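The sequence shown lines up with residues 1 to 97 when you count with UniProt numbering. The beta carbon of each residue, even a glycine, is placed where N, CA and C say it ideally should be. This one's a predicted model, so the numbers in the text were calculated from it and none came from an experiment. Some notes on the structure that comes next.
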Amino acid sequence: MVPRSPLDDPEKAAHAWARYRRIMRWMMLLTVTLVVGSLWVLYRSNGLVSIHMYIAAALGIGFTMLLTSALMGLLFLSSGTGHDDSIADNLEEERNR
């Protein structure tokens, strides 16, 4: 029998997803700030070069930051709600033999 996950409770799930969205809003603000700062540093050090370099830098930094924060946020959501502890390990008996 598979144990129930704490995320099966709608109230706990709503709280966990609200926390995840709050974390993602802060990370979006941080990402935009870092992208603007990075573009400013690139402009100060290199001057006006190809616009493609600035677009690539902005997309690369932004995508990396947002993807990393989304995956880490999901990891914290899973761990913080106890979802990780509610797995059924069917191979535990074989490992203990």
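Whole-angstrom Cβ separation of residue 81 and residue 6, contact assumed at under 8 Å? Here residue 81 corresponds to residue number 81 of the sequence shown, with the count starting at 1. Here residue 6 corresponds to residue number 6 of the sequence shown, with the count starting at 1. About 5 Å separates the two Cβ atoms, so the contact holds.
Less than 8 Å between the beta carbons of residue 16 and residue 75, yes or no? By 1-based counting over the sequence shown, the position of residue 16 is 16. By 1-based counting over the sequence shown, the position of residue 75 is 75. No; because the gap between Cβ atoms is not below 8 Å, this pair is not in contact.
Which of helix, strand or coil DSSP assigns to residue 8: Reading the sequence shown from its first residue, position 8 is the one you call residue 8. It is helical.
Looking at the secondary structure, which residues open and close the alpha helix (DSSP H) in which residue 87 lies? Here residue 87 refers to the residue found at position 87 when the sequence shown is read from its first residue. No alpha helix (DSSP H) holds residue 87; DSSP gives it neither H nor E.
Using only CA atoms, which one of 19, 13, 18 and 59 lies nearest to residue 35? Start at 1 with the first residue of the sequence shown, and residue 35 comes out as number 35. Residue 59 is the option with its Cα nearest to residue 35.
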